[in-house]
Amino acid sequence: TISMVAIHSDGTMAAGTSSNGATHKVPGRVGDGPIVGSGSYVDSDIGGCGATGDGDIMMRFLPCYQAVENMRRGLSPQEAADDAVSRMIKRYPMAMTGIVVVDNKGQHAGAGSGWTFTYAFRSGDMKEAVTVTVP
Amino acid sequence: MARNNQVVQRLTVLSMLCIASRVTAAAEGSMNLPMVINTWAGPFTAATDAAFEVLSLTPHNTTALDAVQIGCATCERNQCDGTVGFGGSPDENCETTLDALIMDGQTLRSGAVAGLRRVRDAIGVARLVHDYTEHSLLAGDLATRFAVDFGGFVEENLATTESLAQCEAWRAADCQPNYRAGHIVPDAGAQCGPYAPWKASDSLDNAELHEGNSFESSSSKRSHD
Chain U
1 TISMVAIHSD
11 GTMAAGTSSN
21 GATHKVPGRV
31 GDGPIVGSGS
41 YVDSDIGGCG
51 ATGDGDIMMR
61 FLPCYQAVEN
71 MRRGLSPQEA
81 ADDAVSRMIK
91 RYPMAMTGIV
101 VVDNKGQHAG
111 AGSGWTFTYA
121 FRSGDMKEAV
131 TVTVP
Chain V
136 MARNNQVVQR
146 LTVLSMLCIA
156 SRVTAAAEGS
166 MNLPMVINTW
176 AGPFTAATDA
186 AFEVLSLTPH
196 NTTALDAVQI
206 GCATCERNQC
216 DGTVGFGGSP
226 DENCETTLDA
236 LIMDGQTLRS
246 GAVAGLRRVR
256 DAIGVARLVH
266 DYTEHSLLAG
276 DLATRFAVDF
286 GGFVEENLAT
296 TESLAQCEAW
306 RAADCQPNYR
316 AGHIVPDAGA
326 QCGPYAPWKA
336 SDSLDNAELH
346 EGNSFESSSS
356 KRSHD
């Protein structure tokens, strides 16, 4: 799954997700990707979020909505990401999750569980994308 | 230096939190705009770069929505790591279907497609839903009809030689692991379907009960979105 957040130089934001879902799924199954607040979420006044992982679990928690709302309440991107993931693994300790969270100033963070999650970003005058490993 | 110390202190505290909660995390400082950020690295950075360059090179002619669409479409075309686009993650019937979502942070309008069949540009169809309907989500065959009839998209087989081989190998391994759970006949933990819910009237002589999700019991083989 790719889940992306973009911030235009004028400050407007957008988010999106694209996925082919889980392998060997039951035909007809839909994952978290197209669910607003689960696959991704964005509010230009606050920030955005993208997610990947066990979609059947993650879509029950709307982690990206949670993360953005966490930032609206004053949490940093890191705190917002940690809280969103913690809510999931509290109920599903084995869940594989990964979210990237960015505020509308470009401050970003990631959190995950169950695997080594990575994300990539590029901003300003960077010549190429940089990768961040969430251990 | 002070800022670096703050970052180090923050990461140290977070590391402690991670150990306690099994949440892992990483944080970076504020960045200059424009900016693009997305899940995963490796082949996914082509999408990062494509989206960023749209915003960077033609800021007056493109929007953040355009950048997200172009970035995700890049991953769809490249198939990234096999979890995006055609030819990946076949279902039990060996079919690849696509899910996509796009959201505008200014208006909070969104467009999405779920279980999209036979159309490769899922994020493009999601953008159509966003731009030209009052809806948020179209699904399945009727989403395909919308894409073809309204958007002029071409229907294509989303399977590839690789995805079909992956599916056939799974079937040869008795369809293990799978996402079936509960009381099912035949035993989904050992056999392929077709499956049906177990009824008390079913004979237990030729029907085992599969109470667990075989993906949960074989974490190394787990799939994900």
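Protein sequences, first through last, are from chains U and V.
With the first letter of the first sequence counted as 1, position 51 gets the number 51 in my numbering; the numbers rise by one all the way through.
With the first letter of the second sequence counted as 1, position 11 gets the number 146 in my numbering; the numbers rise by one all the way through.
We put the beta carbon where it would ideally sit given N, CA and C, even for glycine.
Against residue i, what residues of chain U qualify as contacts under a CB-to-CB distance less than 8 Å, listed in chain order?
{"i": "V:Asn292", "result": "What V:Asn292 touches in chain U: nothing, since even the nearest Cβ is about 14 Å away."}
{"i": "V:Pro194", "result": "His8, Ser9 and Asp10"}
{"i": "V:Ile258", "result": "Gly16 and Ser18"}
{"i": "V:Thr198", "result": "His8, Thr12 and Ala14"}
Tell me which residue opens and which closes the alpha helix (DSSP H) that residue i is part of.
{"i": "V:Asn173", "result": "Where V:Asn173 is concerned, there is no enclosing alpha helix (DSSP H), although the beta strand (DSSP E) it sits in stretches over Met170 to Thr174."}
{"i": "U:Tyr65", "result": "Pro63 to Arg72"}
{"i": "V:Asn189", "result": "The residue asked about is misnamed: residue 189 of chain V is Val in this sequence, not Asn. It spans Thr180 to Leu192 - the alpha helix (DSSP H) in which V:Val189 sits, taken as one unbroken run."}
{"i": "V:Gly110", "result": "Outside the shown range of chain V (136 to 360) lies residue 110 of chain V, about which nothing can therefore be said."}
{"i": "U:Ser86", "result": "Pro77 to Arg91"}
Exposed or buried, which one is residue i when buried takes at least 16 other CB atoms within 10 Å?
{"i": "V:Met238", "result": "buried"}
{"i": "V:Glu211", "result": "buried"}
{"i": "U:Tyr41", "result": "buried"}
{"i": "V:Ala182", "result": "buried"}
{"i": "V:Ser105", "result": "Missing from the structure shown is residue 105 of chain V; chain V here goes from 136 to 360 and no further."}
{"i": "U:Met94", "result": "exposed"}
{"i": "U:Arg72", "result": "exposed"}
{"i": "V:Ser354", "result": "Because the pLDDT of V:Ser354 is 47, which lies under 50, any placement of that residue in the model is unreliable, and the question is left without a value."}
{"i": "V:Thr296", "result": "exposed"}
{"i": "V:Gly317", "result": "exposed"}
{"i": "U:Lys90", "result": "exposed"}
{"i": "U:Asp56", "result": "buried"}
{"i": "U:Thr12", "result": "buried"}
{"i": "U:Tyr92", "result": "buried"}
{"i": "V:Gly240", "result": "buried"}
{"i": "U:Ala109", "result": "buried"}
{"i": "V:His293", "result": "It is worth fixing the name first, because residue 293 of chain V is Leu in this sequence and not His. Under this definition V:Leu293 is a buried residue."}
Given that residue i touches chain V, what residues does it touch there, using C-beta distances under 9 Å?
{"i": "U:Gly55", "result": "Asp234, His359 and Asp360"}
From what residue to what residue does the beta strand (DSSP E) around residue i run?
{"i": "V:Val219", "result": "V:Val219 -> no beta strand (DSSP E), and no H or E assigned at all."}
{"i": "U:Ala120", "result": "Phe117 to Ser123"}
{"i": "U:Met126", "result": "U:Met126 -> no beta strand (DSSP E), and no H or E assigned at all."}
{"i": "U:Met4", "result": "Ile2 to Ile7"}
{"i": "U:Met58", "result": "From DSSP, U:Met58 is part of no beta strand (DSSP E) but of the alpha helix (DSSP H) over Gly55 to Met58."}
{"i": "U:Thr23", "result": "No beta strand (DSSP E) contains U:Thr23, which DSSP labels as neither H nor E."}
{"i": "U:Tyr41", "result": "Ser40 to Asp43"}
Quick one: is the Cβ of residue i within less than 7 Å of any heavy atom of the ligand HEM?
{"i": "V:Glu290", "result": "Only the bare structure without any ligand can be found here, which leaves the ligand HEM out of the picture."}
For a contact defined as C-beta to C-beta under 9 Å, what are the partners of residue i on chain U?
{"i": "V:Gln204", "result": "Ala14 and Gly16"}
Which residues in chain V have a C-beta closer than 8 Å to the C-beta of residue i? List them in chain order.
{"i": "U:Pro34", "result": "Asp234, Ala235, Leu236, Ala247, Val248, Ala249, Ala261 and Leu272"}
{"i": "U:Tyr41", "result": "Met238"}
{"i": "U:Glu69", "result": "Per Cβ cutoff of 8 Å: no residues; U:Glu69 is ~13 Å from chain V at best."}
Could you list which residues in chain U have their beta carbon closer than 7 Å to that of residue i, in chain order?
{"i": "V:Cys327", "result": "Those do not exist, as V:Cys327 stays about 11 Å from chain U at its closest Cβ, beyond 7 Å."}
Can you list the residues of chain V that residue i reaches, using a CB-CB cut of under 7 Å?
{"i": "U:Gly48", "result": "Gly240"}
Original post:
Three or more beta-carbon pairs under 8 Å between the segment 87-104 of chain U and the segment 38-58 of chain U, yes or no?
Top reply: yes
**OP:** Note down, one range per segment and in chain order, each beta strand (DSSP E) of at least 3 residues found wholly within the segment 239-326 of chain V.
**Re:** 245-251 and 272-274
**OP:** Answer yes if the segment 252-270 of chain V comes into contact with the segment 327-338 of chain V, meaning at least three C-beta pairs across the two stretches below 8 Å, and no otherwise.
**Re:** no
Original post:
How about the segment 113-132 of chain U and the segment 15-32 of chain U: do they share at least three Cβ pairs that are nearer than 8 Å?
Top reply: no
**OP:** Report yes or no: do three or more beta-carbon pairs, one from the segment 70-90 of chain U and one from the segment 24-40 of chain U, lie closer than 8 Å?
**Re:** no
Original post:
For the segment 274-294 of chain V against the segment 305-324 of chain V, are there 3 or more C-beta pairs whose distance is under 8 Å?
Top reply: no
Original post:
Any contact of the segment 269-284 of chain V with the segment 200-209 of chain V, i.e. 3+ C-beta pairs under 8 Å?
Top reply: no
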